[in-house]
Each structure stands twice: as C-alpha cells, then as structure tokens.
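Trainee: Anchor point for the sequence shown: position 313 equals 313 in UniProt numbering, and the numbering is continuous, going up by one each time.
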Amino acid sequence: MTAHTQSGLPAQEALEAAVQRTADRYDAVIIGAGPAGLNAALVLGGARRRVLLLDGGPPRNVRAQAAHGVFTRDCTPPADLKRIGLEQLAAYDVTVCQEAARQVREFGEGFGVQLATGWVTARRVLFASGLQDLLPRVSGLRERWGRTVHHCPYCDGWPNREAALAVLGSHQEGHHLALSMRNWTDHLTLLTDGPDELTPEQRRDLQRLDITLETRPILRLSGEDTLTVHFRDGDALELEGIFLNPSQGQRSHLPAALGLELDDKSRVVVNEHGMTSLRGVWAAGDMTGAPQYVMSAAASGMVAAVSLNSTLIHEDVREYGAAFHESPDEEPGVGEA
Ligand SMILES: Cc1cc2nc3c(=O)[nH]c(=O)nc-3n(C[C@H](O)[C@H](O)[C@H](O)COP(=O)(O)OP(=O)(O)OC[C@H]3O[C@@H](n4cnc5c(N)ncnc54)[C@H](O)[C@@H]3O)c2cc1C
1 MTAHTQSGLP AQEALEAAVQ RTADRYDAVI IGAGPAGLNA ALVLGGARRR
51 VLLLDGGPPR NVRAQAAHGV FTRDCTPPAD LKRIGLEQLA AYDVTVCQEA
101 ARQVREFGEG FGVQLATGWV TARRVLFASG LQDLLPRVSG LRERWGRTVH
151 HCPYCDGWPN REAALAVLGS HQEGHHLALS MRNWTDHLTL LTDGPDELTP
201 EQRRDLQRLD ITLETRPILR LSGEDTLTVH FRDGDALELE GIFLNPSQGQ
251 RSHLPAALGL ELDDKSRVVV NEHGMTSLRG VWAAGDMTGA PQYVMSAAAS
301 GMVAAVSLNS TLIHEDVREY GAAFHESPDE EPGVGEA
C-alpha cells in the first residue's frame with residue numbers, strides 16, 4: 001500500500017518535493033528536546049549549522065518537582081530547565097518545532113523526516129528521543145510517579161534522607177536498590193508484593209542492614225504528600241516514599257523502524273562519539289544506555305553534536321577539493337564492517 005501524506009501525495013513524491021524546497025532543508029534534524037536534544041541543538045547552533053529541533057513532548061522527568069545533581073541548577077523544576085534551554089537557542093539558526101517526527105527515511109545523500117505538516121530533509125539526523133518507564137501495575141503507583149514514587153537515589157535520595165522509605169522489587173534488582181538506599185535512610189522496607197525470588201544470602205543481607213522484608217501482596221497506594229501502602233490482608237504501612245527500578249523501552253519507535261542496532265535492553269547502540277550503526281545518524285541521552293541523569297544526557301548530546309558537525313566540516317572541505325588527513329566520514333558506523 002502506498003503511504004500518503006496530508007497533502008495527498010504519496011510519501012516518496014512528497015519527500016522529493018521537499019528536497020526542492022531549500023526552506024525545508026537542514027544540516028541536522030534533532031528528534032527530541034530533552035536535555036540531550038537541547039544541548040545538541042545549542043552546540044550545533046553555535047557551530048553555525050541550520051538545525052531543526054523537534055519537540056515532541058515533555059522530558060522524562062516531567063513529573064518530578066525538581067531536578068537534582070544538575071550543575072549550577074540544583075533543584076530546578078524540569079519545566080524551567082526546558083524553558084531556559086529553549087530560550088538560549090534563540091541566538092542561533094535553530095528552528096524549534098513542537099511536533100513529533102513521524103517517520104525517518106534515508107534519502108539521497110541524507111534523510112527525510114516526516115512531520116504532520118509534511119517532509120523536511122537533512123544531511124544528518126540526531127536522535128535524542130529518550131526512554132519510557134514501564135511502571136509495575138500497582139494501583140495508585142502511576143499517579144504518584146515522580147512525587148512520592150521515585151527510581152533514582154541520586155535524583156530523589158537527598159530530599160528523602162532519613163525518611164521512612166520502601167523499595168519495591170521482588171528479585172535481585174530490589175535487593176540491589178534496597179542495599180543502596182541504606183545510604184540515604186535507616187528506615188527501610190523491601191516490598192516484594194507477593195512471593196519474592198531472593199536467595200538465602202540476599203535475605204541475610206537485608207537482616208544485616210536492618211531492612212524489613214515485607215512480602216504481603218499490595219492492594220493499592222494512597223496519600224498525597226506521604227504514602228500509605230494498603231496490603232490485600234487489610235493492613236497498611238505508612239511511608240514517605242517508594243523507590244523502584246522500572247523496566248524501560250524506547251520512547252519512540254523510529255530508531256527501530258530505521259533499522260538502528262539495539263542492544264538486549266533495546267537501547268540504541270552508539271560508539272563513543274554517539275554514532276549509531278547507520279551512517280549519518282547519531283543518538284544521545286537515555287535512549288543510548290548512557291547514565292540516566294540530566295547532566296549525562298546533556299553531555300552526550302554535546303559529544304554527538306560535535307561528532308556530527310565534524311563530519312559536516314569534512315564533507316564541506318572536500319567540496320573545495322581539500323581534505324583533512326583523516327576523515328571521520330570514512331569511519332564505519334557502529335557494527336559496520
Ligand atoms: C521521575 C524522574 C525524576 C528524575 N529526576 C532526575 C534528577 O533529579 N536529576 C537528574 O539528573 N535526572 C533525573 N531524572 C532522569 C532524567 O530525567 C533523564 O536522564 C533525562 O531527562 C534524559 O534526557 P534525554 O534528553 O535523553 O531524554 P528525555 O528527557 O526523555 O527527552 C526526550 C524527548 O524526546 C521527545 N520525543 C520522543 N519521541 C519523539 C519524536 N518522535 N519526535 C519528537 N520528539 C520526540 C520526548 O517527548 C522528550 O521530550 C529523572 C527521571 C525521572 C523519570
């Protein structure tokens with residue numbers, strides 16, 4: 001079946017038409033305006049590139065009241081981080097478009113990116129589309145995510161220091177997180193929500209560190225500023241917060257649809273420059289398996305942007321018949337022979 005666009009043209013024709021319109025041609029399209037994408041846009045803008053930054057929605061920490069561990073901006077609400085990041089792009093040739101990329105295709109020497117309004121083309125693509133957290137199905141948990149339910153002690157450990165906390169997890173990851181959380185509080189329970197898969201040695205670890213093991217199945221969570229765990233047997237436990245280690249998946253289907261190599265945790269495989277397995281495509285931030293923090297995502301956005309730009313510099317120089325002694329464009333993508 002031929003894919004049609006809003007204009008009624010088949011996708012291929014619409015893409016070819018976009019190539020004719022220089023207004024829709026960019027040096028780079030960045031997909032995602034979280035910390036990784038915003039910082040990549042800043043760096044590419046400063047490198048005098050014509051950039052389209054696609055802002056398809058809020059960043060992953062949108063539910064958090066404040067971001068911690070962020071150099072010079074500790075305790076800043078995530079929405080403010082994003083607002084400042086967007087404001088600082090105004091000095092550069094960066095177009096910010098509040099649209100999600102719908103499709104990415106290799107096209108000619110570059111790429112076509114489909115938006116709701118049509119196709120744009122770019123010499124390079126940088127994915128910064130993030131991950132999504134796949135939360136356990138405990139009634140009342142999703143609503144409290146980022147408020148009294150957290151995943152990362154480096155993000156939310158300090159505001160919860162010495163609080164009555166629980167870790168939710170029934171196997172090795174729960175044991176690991178519970179042992180780590182003892183750094184932040186002495187009042188800790190490991191909730192397994194039913195039968196656990198802990199080894200005898202792991203149970204002994206919990207005893208040694210004075211962590212209560214609670215295996216009763218959970219009915220639901222309630223509470224606003226504090227948290228009540230209601231067990232199925234009618235009993236309840238009062239807490240100030242829960243930490244857990246959720247499963248995760250790519251936020252966007254586009255990296256897989258474009259055929260980028262993913263690892264066994266479905267992260268996009270990149271080299272140390274953020275290059276993916278497909279030449280001309282970079283990825284940065286949480287989606288790559290980089291440490292999941294604002295600063296790491298922003299830093300990897302910078303690294304990817306510098307690498308991407310250096311390949312454009314090499315390409316541009318070659319147009320004049322000149323060449324650097326070694327061209328990063330000649331480097332194979334990750335996993336390429
Ligand atoms: C509850 C919570 C609290 C956290 N607290 C902290 C903290 O205190 N300190 C800290 O350092 N880290 C914290 N983190 C981690 C931090 O949020 C992430 O590491 C960081 O946001 C990753 O940035 P990113 O740019 O890689 O991805 P994201 O922030 O996930 O941004 C990706 C962006 O891409 C967009 N997108 C996806 N698909 C498309 C598409 N097709 N087209 C266009 N756009 C698209 C998304 O809408 C999103 O805006 C927290 C995370 C959570 C879940």
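Idealized CB from N, CA, C, for every residue including glycine.
Based on DSSP bridge pairs, tell me the residues matched to T95.
Mentor: The residue given as residue 95 occupies position 95 in the sequence shown. Answer by DSSP bridge pairing, in chain order: L52.
Trainee: Return the residue from the list L134, E197, G241 that minimises the CA-CA distance to E162.
Mentor: Residue mapping note: residue 162 aligns to position 162 of the sequence shown, counting from 1. Of the listed residues, the one whose Cα sits closest to E162 is G241.
Trainee: Does the Cβ of T148 have 16 or more other Cβ atoms within 10 Å, making it buried, or fewer, making it exposed?
Mentor: As a working mapping, residue 148 is identified with position 148 in the sequence shown. With a 10 Å radius around the Cβ and a threshold of 16 neighbouring Cβ atoms, T148 comes out buried.
Trainee: Leaving out the 5 sequence neighbours to the left and right, which residues in its chain are closer than 8 Å to V62 when beta-carbon positions are compared?
Mentor: Along the sequence shown, one-based indexing puts residue 62 at 62. Same-chain partners within the cutoff: P78, A79, G146.
Trainee: In terms of alpha-carbon separation, which member of G157, D24, R203 lies closest to D186?
Mentor: The sequence position of residue 186 within the sequence shown is 186, counting from 1. That would be G157, whose Cα lies nearest to the Cα of D186.
Trainee: Apart from the five residues just before and just after H68, which ones in its own chain have a Cβ nearer than 8 Å to its Cβ?
Mentor: The sequence position of residue 68 within the sequence shown is 68, counting from 1. Answer for H68: D74, C75, Y154, C155, D156, W158, P159, listed in chain order.
Trainee: In three-state DSSP terms, what is D235?
Mentor: Walking along the sequence shown from the start, residue 235 turns up at place 235. Residue state, collapsed to three classes: coil.
Trainee: Taking H253 as the reference, give the member of G130, Y320, T212 with the closest Cα.
Mentor: The residue given as residue 253 occupies position 253 in the sequence shown. Of the candidates G130, Y320, T212, the residue whose Cα lies closest to the Cα of H253 is G130.
Trainee: Among R25, L54, R83, A299, which has the Cα closest to the Cα of G112?
Mentor: Position 112 of the sequence shown, counted from the start, is the residue given in the question as residue 112. That would be R25, whose Cα lies nearest to the Cα of G112.
Trainee: Assuming V268 contacts M295 (C-beta within less than 8 Å), just tell me the rounded distance between them.
Mentor: Mapped onto the sequence shown, residue 268 falls at position 268. Mapped onto the sequence shown, residue 295 falls at position 295. Actually they do not touch by this definition, with Cβ atoms about 20 Å apart.
Trainee: Indicate whether M302 and A40 have their beta-carbon atoms separated by less than 8 Å.
Mentor: Within the sequence shown, numbered from 1, the residue matching residue 302 stands at position 302. Within the sequence shown, numbered from 1, the residue matching residue 40 stands at position 40. Yes, Cβ-Cβ distance for M302 and A40 is below 8 Å.
Trainee: For the 8 Å Cβ check, are there 3 or more pairs between the stretch 42 to 57 and the stretch 80 to 97?
Mentor: yes
Trainee: From this set, A101, R123, Q103, E99, which residue's C-alpha is nearest E109's C-alpha?
Mentor: In the sequence shown, the residue the question calls residue 109 occupies position 109. Closest option to E109, Cα to Cα, is R123.
Trainee: For the beta strand (DSSP E) that E106 lies in, which residues bound it at each end?
Mentor: Your numbering for residue 106 matches position 106 in the sequence shown. Start and end: 103 to 107.
Trainee: Candidates A322, A283, N245, L134: which alpha carbon is nearest V306's?
Mentor: Translated into positions along the sequence shown, residue 306 becomes position 306. Out of A322, A283, N245, L134, A283 has the C-alpha closest to the C-alpha of V306.
Trainee: Would the stretch 213 to 231 count as touching the stretch 126 to 140 if we require 3 or more Cβ pairs under 8 Å?
Mentor: Yes, they touch.
Trainee: Determine which residues share a DSSP beta bridge with A28 and list them.
Mentor: As a working note, residue 28 is residue 28 in the sequence shown. V51, R124.
Trainee: Tell me the rounded alpha-carbon separation between R208 and L198.
Mentor: Counting from one through the sequence shown, the residue named residue 208 turns up at place 208. Counting from one through the sequence shown, the residue named residue 198 turns up at place 198. Taking the straight line from one Cα to the other gives about 15 Å.
Trainee: May I ask you to check if the CB of N61 is nearer than 7 Å to at least one heavy atom of ligand 1?
Mentor: Along the sequence shown, one-based indexing puts residue 61 at 61. Indeed, a heavy atom of ligand 1 lies less than 7 Å from the Cβ.
Trainee: Please name the residue or residues paired with M172 in a DSSP beta bridge.
Mentor: Along the sequence shown, read from residue 1 onward, the residue named residue 172 stands at position 172. Reading off the sequence, residue 172 comes out as Gln, not Met. According to DSSP, Q172 bridges with nothing at all.
Trainee: Let me know the alpha helix (DSSP H) ranges lying completely inside the stretch 260 to 324, each 4 residues or longer, listed in chain order.
Mentor: Counting only runs of 4 or more, we get 294 to 319.
Trainee: With DSSP collapsed to three states, give me the class of D205.
Mentor: Working through the sequence shown from its first residue, we reach residue 205 at position 205. Of the three classes helix, strand and coil, the one that applies to D205 here is helix, per DSSP.
Trainee: In its own chain, which residues sit with a C-beta less than 7 Å from the C-beta of N309, not counting the 5 before and 5 after it?
Mentor: In the sequence shown, residue 309 corresponds to position 309, counting from 1. Excluding residues within five positions, the ones whose Cβ falls inside 7 Å are L44, A47, R49.
Trainee: If you drop the 5 nearest sequence neighbours on each side, which residues of the same chain put their C-beta closer than 8 Å to that of A323?
Mentor: Sequence index remark: in the sequence shown, residue 323 carries index 323 (1-based). H314, V317, listed in sequence order.
Trainee: To the nearest angstrom, how far is the alpha carbon of D263 from that of R251?
Mentor: In the sequence shown, the residue the question calls residue 263 occupies position 263. In the sequence shown, the residue the question calls residue 251 occupies position 251. Rounded to the nearest angstrom, the two C-alpha atoms are 15 Å apart.
Trainee: So what does R220 bridge to, in DSSP terms?
Mentor: Residue mapping note: residue 220 aligns to position 220 of the sequence shown, counting from 1. Partner(s): H230.
Trainee: Since A101 contacts L86 with CB under 8 Å, what's their CB separation in whole angstroms?
Mentor: Stepping through the sequence shown from its first residue, residue 101 is reached at position 101. Stepping through the sequence shown from its first residue, residue 86 is reached at position 86. The Cβ separation is near 18 Å, so there is no contact.
Trainee: Cβ of W145 within 7 Å of any heavy atom in ligand 1?
Mentor: The residue you call residue 145 lines up with position 145 of the sequence shown. Yes; taking the cut-off as 7 Å, the Cβ of W145 has a heavy atom of ligand 1 nearer than that.
Trainee: What first and last residue would you give for the alpha helix (DSSP H) that runs through E143?
Mentor: Translated into the one-based positions of the sequence shown, residue 143 becomes position 143. It spans 141 to 144 - the alpha helix (DSSP H) in which E143 sits, taken as one unbroken run.
Trainee: Kindly indicate which residue of H273, W184, T189 has the alpha-carbon position closest to the one of H175.
Mentor: Start at 1 with the first residue of the sequence shown, and residue 175 comes out as number 175. For the residues H273, W184, T189, the minimum Cα distance to H175 belongs to T189.
Trainee: Can you name, in chain order, every residue of its own chain whose Cβ lies under 7 Å from the Cβ of G34, other than the five neighbours on each side?
Mentor: The residue you call residue 34 lines up with position 34 of the sequence shown. Contacts found: P59, R60, A128, G130, G285, A297.
Trainee: Taking the alpha carbon of L126 as the point to measure from, which residue in E319, G321, H273, R21 has its own alpha carbon closest?
Mentor: To locate residue 126, count along the sequence shown from 1; it is residue 126. Of the listed residues, the one whose Cα sits closest to L126 is H273.
Trainee: What residue does the beta strand (DSSP E) around L134 start on, and which one ends it?
Mentor: The count along the sequence shown starts at 1 and reaches residue 134 at position 134. Where L134 is concerned, the enclosing beta strand (DSSP E) stretches over 131 to 134.
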